[in-house]
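Chains as they are written, first to last, in the working numbering: chain G, 506 to 1076; chain Z, 372 to 540.
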Ligand SMILES: Cc1ncc(C[n+]2csc(CCOP(=O)(O)OP(=O)(O)O)c2C)c(N)n1
């Protein structure tokens, strides 16, 4: 037991959690906490220029490292500005812990307290309840050690997710005897880690009987570090692997069994083969509408094995034949062990041939035109330049789908994108967070001009804090993805999508003290990227592309996988 | 699919905000609560929620899983309607000006084993306990007299026999 202030206890708890960095913005209601941070050199505070970006940066940090990201904001507007970032982390199961200041929970010297609409009071607990895994509001300093222990435990275990801790000012300023425990017990929270042996047995039986197995590997594979196990099972079964956006990178995309992305903008190989499969092994994925398209056309003939640590995901969207509620790594290990002893080799050679054939057909489409400054070409060029472990983040829209389709990811945690919420402006601050987590790895944000404008002010953060990342703006002067829909489904009635030619992104970057350049050819692009990833300062590479480019293949909204189109003419 | 009324018992942390997060989950996931009754349990730090929900089998399964997912919800059980005692209480205020009407109301109340708990020159208040059907029937029979106000508690229920929805420490 030690006597200290609530603010000191928060910082002590952060140190015990081995938190090295906080992304945040200060304000009145967190002054006591920031005063302790002032004398805590072990924890680096990185000032974002907007709280939304502090949350995205914490998210990017978490996704790149697997460790919890921490963000911090003051009460009221600081707290509400965090919300988009928290909701984004919630949809993509990213472990972040968000701290917000709050007005006093108990009157101290008769100043205003919670519930009386004091200056900068916002009900952030009420606001974030639907977008956090859990949230806390310790009303007394003495509750802080236990609360923080629980917050980090909940954020990082089971299906990870954001946890918010709202800190009334009195809980920061009061002193109390603090007891820091190493163990944590929450009676309503016991994630199920180990797979049920009987369910594993049923899954193995299905897989053994299967002639055309396919694996759908989602973000859960990355979160549970199950990539090696996934690879061995895929190779053992000769089962092709397709990944929804969140799973990109969990299986090396240059592997012969990789089919790439699946869903609204999936590769045609993924779409075709999943329709032919007789058993679908789905791991750590939640069958989102963007992945499945119309449900009754999704894998109609396949038996489905669904592994997820969140039991509420099982049967939520898709009925399954073998549900397994457990950790992905543990389950894949168990399945592999049982399979190896039973499998006769060479059984699925027919299917392997079919997989090769479909991939071969899809090759042309994947070349995406060899002309200069066509996005698919740019993505492939980028892949050639970047080392295998480079981290690529994306914004939202066409840029994101070009990256997903044409930039091959080889390793888990190297592709960071806003999948569930689809938050424009996520990629750049997330890149900053990823770079902080992996300072020796090049980090590139593949951006659209519309998205980059939403969080470009973080150039200030990246320059001042010396966090050099590369931003590639695929600049079509339009909200491209929306324009694509208007072009294809609304008779080219371009409503409110034109962005004009402002700003000059190279000049904008320079105004912040970053590097900025505009390229006019593939050669210039390569040169600029090579320079940027070695630069000590953030670089914005402005790449003008056509106004009317489309991303294909595409499954129109509301259609099923069979409705895939590969050009405008097919509509 | 066939929609039915289901009774769910949830043991939750007895602390502020829990009802909010439960109610919020129902709203956010587009589930409908028909009734919810909350009260403390035999353990002072636990509360029990009895929730009735209308829906098909798949919906109810999701409701239970989503409830279980909430950190402050400790245990969720679905009660088997054929093997529970379920009760609801209602207070019903009835317009009853003359002696004749009063006698009629009191007679009805007796038939339903309900009790008159308040009398004023213009009205009577009746307390009735039973399953939801019984209360519906009583209120329906009071309609002709004029039902001024009704307050219902929502269903609360326990399964029969020794089995219990208890938390082992
Ligand atoms: C915050 C936010 N606002 C609006 C949208 C809707 N939206 C989806 S894609 C898109 C266009 C994105 O434009 P841009 O960043 O230029 O990328 P492009 O599609 O041109 O590559 C819009 C407006 C969104 N996803 N997020």
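Note that CB positions come from ideal geometry on N, CA and C, so glycine has one too.
The structure presented is a predicted model; accordingly, all values stated were derived computationally and were not measured.
- [ ] Anything in chain G within Cβ reach of residue 391 of chain Z, meaning under 9 Å, just list it in chain order.
- [x] Residue mapping note: residue 391 of chain Z aligns to position 20 of the second chain, counting from 1. Against chain G, a Cβ distance below 9 Å from residue 391 of chain Z picks out 630, 631 and 634.
TODO: Helix, strand or coil for residue 1076 of chain G, going by three-state DSSP, please let me know.
DONE: Locating residue 1076 of chain G in the first chain gives position 571, counting from the first residue. Residue state, collapsed to three classes: coil.
Open item on the list: Taking the alpha-carbon of residue 612 of chain G as reference, which of G:719, G:645, G:1073 and G:845 has the nearest alpha-carbon?
Closed with: Taking the first residue of the first chain as 1, we reach residue 612 of chain G at position 107. Measuring from the Cα of residue 612 of chain G, the nearest candidate turns out to be G:645.
Task: Beta-ladder partner(s) of residue 501 of chain Z, from DSSP - done: In the second chain, the residue the question calls residue 501 of chain Z occupies position 130. Note: residue 501 of chain Z sits in a beta bridge opposite Z:459.
TODO: Identify every residue that forms a DSSP beta bridge with residue 832 of chain G.
DONE: Counted from its first residue, the first chain places residue 832 of chain G at position 327. Residue pairing by DSSP leaves residue 832 of chain G without any beta bridge partner.
TODO: Assign residue 909 of chain G to one of three DSSP states: helix, strand, or coil.
DONE: As a first step, residue 909 of chain G is located in the first chain; it is residue number 404 there, counting from the start. In the three-state reduction of the DSSP assignment, residue 909 of chain G falls in the helix class.
Task: Heavy atom of ligand 1 within 8 Å of residue 1004 of chain G beta-carbon - done: One-based indexing of the first chain puts residue 1004 of chain G at position 499. Yes.
TODO: Kindly list, in the order they appear in chain A, the residues whose Cβ is closer than 7 Å to that of residue 595 of chain G.
DONE: Protein chains G and Z are contained in the structure displayed, whereas chain A is not.
TODO: Report yes or no: is there a C-beta of chain G within less than 9 Å of the C-beta of residue 399 of chain Z?
DONE: Within the second chain, numbered from 1, the residue matching residue 399 of chain Z stands at position 28. By this cut-off, residue 399 of chain Z is an interface position.
Task: Test item: CB-CB of residue 955 of chain G and residue 1054 of chain G under 9 Å - done: In the first chain, the residue the question calls residue 955 of chain G occupies position 450. In the first chain, the residue the question calls residue 1054 of chain G occupies position 549. Their beta carbons are not under 9 Å apart, which means residue 955 of chain G does not touch residue 1054 of chain G by this criterion.
Task: Rounded separation between residue 558 of chain G and residue 587 of chain G - CA only - done: Taking the first residue of the first chain as 1, we reach residue 558 of chain G at position 53. Taking the first residue of the first chain as 1, we reach residue 587 of chain G at position 82. Those two C-alpha atoms are separated by around 8 Å.
Open item on the list: Looking at chain G, is there any beta carbon in it that lies within less than 9 Å of the beta carbon of residue 388 of chain Z?
Closed with: The residue labelled residue 388 of chain Z in the question sits at position 17 within the second chain. At a cut-off of 9 Å, the C-beta of residue 388 of chain Z has a neighbouring C-beta in chain G.
TODO: Enumerate in chain order the residues of its own chain whose CB-to-CB distance from residue 680 of chain G is below 8 Å, with the five nearest sequence positions on each side excluded.
DONE: Within the first chain, residue 680 of chain G is the residue found at index 175, counting from 1. Excluding its 5 nearest sequence neighbours in each direction, residue 680 of chain G has C-beta neighbours in its own chain below 8 Å: 508, 509, 510, 511 and 646, listed in chain order.
TODO: For the alpha helix (DSSP H) holding residue 481 of chain Z, just list the boundary residues, first then last.
DONE: Working through the second chain from its first residue, we reach residue 481 of chain Z at position 110. 470-482 is the span of the alpha helix (DSSP H), which, as asked, contains residue 481 of chain Z.
TODO: Ignoring anything shorter than 4 residues or poking outside the segment 913-999 of chain G, list the alpha helix (DSSP H) runs there in chain order.
DONE: Along the segment 913-999 of chain G, the alpha helix (DSSP H) occurs as fully enclosed runs of 4 or more residues at 932-942, 954-960, 963-969 and 985-994, listed in sequence order.
TODO: Please name the residues in the segment 797-825 of chain G whose beta-carbon is closer than 9 Å to at least one beta-carbon of chain Z, in chain order.
DONE: Here the close residues are 815, 816, 817, 818, 819, 820, 821 and 824.
Task: residue 661 of chain G in three-state terms, based on DSSP - done: Along the first chain, read from residue 1 onward, the residue named residue 661 of chain G stands at position 156. If DSSP states are grouped into helix, strand and coil, residue 661 of chain G belongs with the helices.
TODO: Inspect the beta-carbon positions of residue 423 of chain Z and residue 407 of chain Z and report whether they are closer than 9 Å.
DONE: Counted from its first residue, the second chain places residue 423 of chain Z at position 52. Counted from its first residue, the second chain places residue 407 of chain Z at position 36. Judged by their CB atoms, residue 423 of chain Z and residue 407 of chain Z are nearer to each other than the 9 Å cut-off.
Open item on the list: Less than 9 Å between the beta carbons of residue 725 of chain G and residue 747 of chain G, yes or no?
Closed with: In the first chain, counting from the first residue as 1, residue 725 of chain G sits at position 220. In the first chain, counting from the first residue as 1, residue 747 of chain G sits at position 242. Taking the C-beta atoms as reference points, residue 747 of chain G is found no nearer than 9 Å to residue 725 of chain G.
- [ ] Taking a Cβ distance cut-off of 7 Å, strictly less, list which residues of the segment 684-718 of chain G are near chain Z, in chain order.
- [x] Answer set for the segment 684-718 of chain G: 691, 692, 693 and 694.
Task: At least 3 beta-carbon pairs within less than 8 Å: the segment 968-986 of chain G vs the segment 1044-1059 of chain G - done: Output reads yes: the segment 1044-1059 of chain G touches the segment 968-986 of chain G.
Open item on the list: Out of G:931, G:1037 and G:694, which one is the CA nearest neighbour of residue 593 of chain G?
Closed with: Start at 1 with the first residue of the first chain, and residue 593 of chain G comes out as number 88. When each option's Cα is compared against that of residue 593 of chain G, the closest is G:931.
Open item on the list: With a threshold of 9 Å between beta-carbons, can residue 651 of chain G be considered close to chain Z, or not?
Closed with: Taking the first residue of the first chain as 1, we reach residue 651 of chain G at position 146. Cβ-Cβ to chain Z under 9 Å: no for residue 651 of chain G.
Open item on the list: Let me see if you follow: with CB-CB separation under 9 Å, is residue 638 of chain G close to chain Z or not?
Closed with: Position 133 of the first chain, counted from the start, is the residue given in the question as residue 638 of chain G. For residue 638 of chain G, the answer is yes, since a Cβ of chain Z falls inside 9 Å of its Cβ.
Task: Buried/exposed call for residue 508 of chain Z, threshold 16 Cβ in 10 Å - done: Taking the second chain and counting its residues from 1, one reaches residue 508 of chain Z at position 137. Residue 508 of chain Z should be labelled exposed.
- [ ] Verify the contact flag: residue 956 of chain G, CB atom, against every heavy atom of ligand 1, threshold strictly below 8 Å.
- [x] In the first chain, residue 956 of chain G corresponds to position 451, counting from 1. Correct: residue 956 of chain G has its Cβ closer than 8 Å to ligand 1.
TODO: Evaluate residue 950 of chain G with the Cβ neighbour count: other Cβ atoms within 10 Å of its Cβ, from every protein chain shown; 16 or more gives buried, anything less gives exposed.
DONE: Mapped onto the first chain, residue 950 of chain G falls at position 445. By the neighbour-count criterion, in which 16 or more other beta carbons inside 10 Å mark a residue as buried, residue 950 of chain G falls on the buried side.
Open item on the list: As a quick exercise: from G:671, G:596, G:662 and G:773, pick the residue whose alpha carbon is nearest that of residue 629 of chain G.
Closed with: Your numbering for residue 629 of chain G matches position 124 in the first chain. Nearest C-alpha to residue 629 of chain G: G:671.
TODO: Indicate whether residue 486 of chain Z and residue 506 of chain Z have their beta-carbon atoms separated by less than 9 Å.
DONE: Counting from one through the second chain, the residue named residue 486 of chain Z turns up at place 115. Counting from one through the second chain, the residue named residue 506 of chain Z turns up at place 135. Cβ atoms of residue 486 of chain Z and residue 506 of chain Z: not closer than 9 Å.
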